[in-house]
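One line per chain: the protein sequences are X and C, in this order. Be aware that the first sequence starts at 1, since it is given in our numbering, and climbs by one per residue. Be aware that the second sequence starts at 1, since it is given in our numbering, and climbs by one per residue.
2 protein chains.
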Amino acid sequence: MALAVSPLAVPLPELPPIAGVRLGAAEAGIRYKGRTDVVMVELAAGTTVAGVFTSNKCPGAPVDWCRAALPSGKARALVVNAGNANVFTGRAGANAAKATAAAASDLVGCPQKQVYLASTGVIGEVLPHERLTAALPALHARLSEDAWEDAARGIMTTDTFPKAATRTALIGDATVRITGIAKGSGMIAPDMATMLCFVFTDAKIPAAALQAMLRKGTDGSFNCTTVDSDTSTSDTVLLFATGQAKHPRVPAEGGRMLADFARQLNDLLLDLALQVIRDGEGAQKLVRIDVTGAVSGKSAKRVAMAIANSPLVKTAIAGEDANWGRIVMAVGKAGEPADRDSISVGIGGTWMARDGGVVPGYDEAPVVAHMKGSEIEIAVDLGLGRGKATAWTCDLTHGYIDINGSYRS
Amino acid sequence: MALAVSPLAVPLPELPPIAGVRLGAAEAGIRYKGRTDVVMVELAAGTTVAGVFTSNKCPGAPVDWCRAALPSGKARALVVNAGNANVFTGRAGANAAKATAAAASDLVGCPQKQVYLASTGVIGEVLPHERLTAALPALHARLSEDAWEDAARGIMTTDTFPKAATRTALIGDATVRITGIAKGSGMIAPDMATMLCFVFTDAKIPAAALQAMLRKGTDGSFNCTTVDSDTSTSDTVLLFATGQAKHPRVPAEGGRMLADFARQLNDLLLDLALQVIRDGEGAQKLVRIDVTGAVSGKSAKRVAMAIANSPLVKTAIAGEDANWGRIVMAVGKAGEPADRDSISVGIGGTWMARDGGVVPGYDEAPVVAHMKGSEIEIAVDLGLGRGKATAWTCDLTHGYIDINGSYRS
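Next comes the structure, spelled out in C-alpha cells:
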C-alpha cells in the first residue's frame, strides 16, 4: 500500500557536501522489496562523535553497541538498516550487531568500536545480518559526498517524506556546516515509531564538547516532542564532527567559541524534530504548546507534555474544537503545582479562560479560524512563577488508528 | 444521535431496597432534553460516609464541597446532576454548589454539610443551579426505596448502559447489603470521561473504618483501570452506610469483623470499575494486564498501567494483532526496574516471548483465536522479584476518535 504524503510535509532542502563525509544507500532486501534499506556513511580519520539514546529500559542491540562504543569519542563509520529493529532478539541480536560492525570495520579499515549502528523496524525478529553484510562491499565502493537524499530515504520505514536540515555556523571567523537527517513515525503496520537522527559537521570539536552540546540540543528539541507518548526502544541521535574545516582550535570544554555552533545545532535539531512530528502517524495538524508561569522550567515542561500527550486534547484538535476544558484537565492531571483559580488558557493568541473561569464575551471567531489551520498554538499560563517550556505534538486522528490497528503481516 | 450500546455491556442486576436509602431521578433540563438529569438520595439519620476524589489539581466545585464536608463522616443526602460538570467555573461554581446543598438540606432537614454533591458533563459553563433546585421539591416528595435503575440512568452522560452492582456480606452472623451505581465514559461530544460511583449499605460502620475500606477498595479497582490516561476533574466515589441493619457493633477501627464486608465491597467496586471500562469510549475489547515478577507491587502497577495506557498496545489490540513487541516497549518506557533479558510476555495463556527473545516455534493459533475475542488477557513476568499487579483497560478504536473529535455544540 502506497501512503499519501503527510499534509504537513516540508520539501527536502539543498544538502551540500561536508568534507570528511561520504555516504550511500543500497537494497539489502531485509524486509522491504524494491527500495533501499541500508545506509552506510564513512567518516574521515579523526572524526569525533556524540550520541544520545532512548531512555527505554528495553533498548535494541544497536543501542547497546553504540553506548559501548561512545566513550572513545571516535567514529569512522555508521551503518543503518530499516525494516528490522533488532530489538528483543537476545544473544542473536548482539551477534548480528557485532557481525555488521565487523564487516564495516574491514571495509573502512578501523577498529570495530569506531563503527556506529542503528536499526529500525519490526521488533522481536532476528536481524538477517548476512543480507546486510553482503550488501556492504558494493555499497562501500560507491560512497559519495553527494548522496544525502539517498541516505535520508534509505533510513525511512513508514515515513511519508525524507527528513533533512542543514545550517552553517561560525567558529572564530571560519564557517562550518552542520547537516542532519532523521526518520520518524510513518505508516502501514509499523511496529514502533522509532526516531533516528544523524548529524554531521566538518567542524573539529572535541568529543566531550560535542556530547555536552548534543545533550542540551536534544533536550530542547526531540525531548520536547511527542506523537503518542510511546518511547521507542531504538531512539538514537548521533552527531559526528569530521574535523576537516579550518578554524581556531576548540578547547575540550567547548565554551564561548562554540556559541554560534551550539545555536545553529539547536536550531537544526529542532527543525528535524518538528519534521518527525509533521510525519507523526495520522497527523493533520502540528501543535505547539507554550506553558508559562510555572514554578520551574521542569514543572512547565511536565505540564506541557501532559497536554501534548492527552488523547482528549489531541482528538479535540483533530476535530477543530477549541476545547479549553480538556486543556485545563490535562494541566491538572500533570501532578505539578497548579492553582485552578490562577490558570489562563489561550488558543491562537486569544485568551479564552483566565483566573479560573471563561473570559466573558471573548471573541470566538479568530479561535475557530485558528483551529481550522494546520498549525495550532496553545498557550497556558499557570500564574505561579517564571518557569516556562514548549512542547510540540500532532493531533490524534483516524489515521493513527488505521496505521497502528492493522495487522503486521 | 442515539448511540449503539457497547458490545461489552452487561445487564443491570436486580437491585433490592437498602434500609435507610430512598432515591429518585427527575428532569431538570440542565443540558439534555427528554431524559432525567438530576438524582437525589435521602439517607437515614445516623448514616456514615466515606469518599475518595480525583487527584486532578483542577477539581470541580462539587469535589471541593464534598472534601470540605467529609471530615464530619455524616451524610443525609446526595444530589447529582448530569450534563454540566461545574468545573472551572470560579466563584459562580462554588455558589451553585452551595445553593444546591442548601436546597437539599431544607427538604431533608439537615445541616448543609451533610449534603453531598456531584456533577458531570461539560466543563467551564456555569451550572444553572436554579433549574436544579427548582426540580428538587417534587423529586424529594416522591423518593422511593425502589428507584435504583432510575438513579443509575439519571447520572449517565454519554454512557451507553446504566451501571450497578450489588452484594451481600456477613457482619458477625448478620447479612448486610451493599449496592453501588456508577457512570463513566460515553459518547457524542462529551467533554471529559468523568467517573462517578455511589455505594450504599445498610451496615452500621464508623466513618473511619468506612473510609479505610473505601480507600483500599478503590486502589484495587478504579485506580487500576484506564480508558485513555486522562484523569477527570470530577472523579468521585462515595460510600454511605445507613446503619439500619442489626448486627454486632463494629469498632471505630473496623478490623476482623469487617473482613467479609471488605471482601464484598472490593468485589463490588471492581465490578463497577470494569463496567465503566466496558463502556469506555469506542471500546470493543476489555483488556486485563497481569504483571508479575516486579521488584515491588508499586513497580508492578506502574508497569501494568504503562502497558494499559500505551496507544500502540491499545491500537494493536483493536487490530487483533498479538504484537508483543509493543508490550515490551511499554514495559521499557515505564521507567521501572526491568531487565530486557529476563522479561516474559504471554497473551491468552500462551507465552510468546521469554528470556529476552521470542519463544521458538510457539503455537500462534490459540493466540490468534484469543485476540479475536472480546476479553483479552496479557501477562508479563519481569523475572526480578515477587511484586505483582493487575490493570484493566479497553482497546483504542476509531470510535474513540469519532466520539472525542466531534465538535461540542
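Positions of the beta carbon are idealized from the N, C-alpha and C atoms, including for glycine.
Please classify residue 173/C: is it buried, with 16 or more other beta-carbons within 10 angstroms of its beta-carbon, or exposed? exposed
CB of residue 140/X within 9 Å of CB of residue 107/X, strictly: yes
What residues of chain C sit near residue 305/X, judged by a beta carbon separation below 8 Å? Per Cβ cutoff of 8 Å: no residues; residue 305/X is ~12 Å from chain C at best.
Could you list the residues in the segment 68-88 of chain X with a C-beta less than 9 Å from some C-beta on chain C, going in chain order? 85, 87 and 88
Amino acids of chain C, ordered along the chain, whose beta-carbon sits closer than 9 Å to that of residue 398/X: 398, 401, 402 and 405
Looking at the structure shown, is residue 372/X part of a helix, part of a strand, or coil, going by DSSP? helix
Excluding the 5 residues preceding and the 5 following residue 36/X in the sequence, name in chain order all residues of the same chain whose CB lies nearer than 7 Å to its CB. 25, 26, 27, 150, 153 and 154
Count the other C-beta atoms from every protein chain shown that fall within 10 angstroms of the C-beta of residue 91/X, then say buried if there are 16 or more, exposed otherwise. exposed
In chain X, which residues lie less than 9 Å from residue 353/C when you measure between Cβ atoms? Those are 88 and 124, listed as they occur along chain X.
Drop a sphere of 10 angstroms on the beta-carbon of residue 349/X, count the other beta-carbons inside from all chains shown, and report buried for 16 or more, exposed for fewer. exposed
Reducing DSSP to helix, strand and coil, say where residue 317/C ends up. helix
Quick one: give me the first and last residue of the beta strand (DSSP E) that residue 223/C is part of. Run containing residue 223/C: none; DSSP gives neither H nor E here.
Tell me whether the segment 335-346 of chain X and the segment 354-370 of chain X touch, counting them as touching only if at least three CB pairs, one residue from each stretch, are closer than 8 Å. yes
Have a look at residue 361/C and residue 324/C and give me their C-alpha separation to the nearest angstrom. 15 Å
Find out if the Cβ-Cβ distance for the pair residue 102/X, residue 112/X is shorter than 9 Å. yes
Which residues of chain C have a Cβ atom closer than 8 Å to the Cβ of residue 338/X, listed in chain order? 57 and 58
Which term fits residue 145/X, buried or exposed, when burial requires 16 or more other beta carbons within 10 angstroms of its beta carbon? Exposed is the call here.
Beta-carbon separation (whole angstroms), residue 401/X vs residue 397/C, contact threshold 8 Å: 6 Å
Under 9 Å between C-beta atoms, does residue 251/C make it to chain X? no
Are residue 196/C and residue 182/C closer than 9 Å when you measure CB to CB? yes
Could you tell me which residues DSSP pairs with residue 240/C in its beta bridges? According to DSSP, which records beta bridges pairwise, residue 240/C is partnered with 49/C and 200/C.
Provide the residue span of the alpha helix (DSSP H) that contains residue 216/C, from first to last. 207-219
Please name the residue, chosen from 243/C, 288/C, 221/C and 382/C, that lies closest to residue 52/C on a Cα-to-Cα basis. 221/C
Interface residues of chain X facing residue 392/C [CB-CB closer than 7 Å]: None at all; the shortest Cβ gap to chain X is about 17 Å.
Bounding residues of the alpha helix (DSSP H) (the contiguous stretch that carries residue 329/C): Where residue 329/C is concerned, the enclosing alpha helix (DSSP H) stretches over 324-333.
Any beta-carbon of chain C closer than 9 Å to the one on residue 233/X? yes
Listing by chain order, which chain C residues have their CB less than 9 Å from the CB of residue 379/X? Residue 379/X does not reach chain C, its nearest Cβ partner there being about 16 Å away, counting only Cβ pairs nearer than 9 Å.
Buried versus exposed call for residue 252/X [16 or more other C-beta atoms within 10 Å across all chains shown]: exposed
For residue 91/C and chain X, any beta-carbon pair shorter than 9 Å? yes
Any contact of the segment 118-125 of chain X with the segment 231-248 of chain X, i.e. 3+ C-beta pairs under 8 Å? yes
Any C-beta of chain X under 9 Å from that of residue 335/C: yes
Quick check on residue 315/X - is its C-beta less than 9 Å from some C-beta in chain D? Structure shown: chain D not included; protein chains present are X and C.
Would you tell me roughly how many angstroms separate the C-alpha atoms of residue 169/X and residue 201/X, rounded to the nearest one? 10 Å
Quick check on DSSP: helix, strand or coil for residue 382/X? coil
Looking at the structure shown, is residue 10/X part of a helix, part of a strand, or coil, going by DSSP? coil
Once the 5 residues before and after residue 304/X are set aside, which same chain residues still bring their CB inside 7 Å of it? 289, 291, 389, 390 and 391
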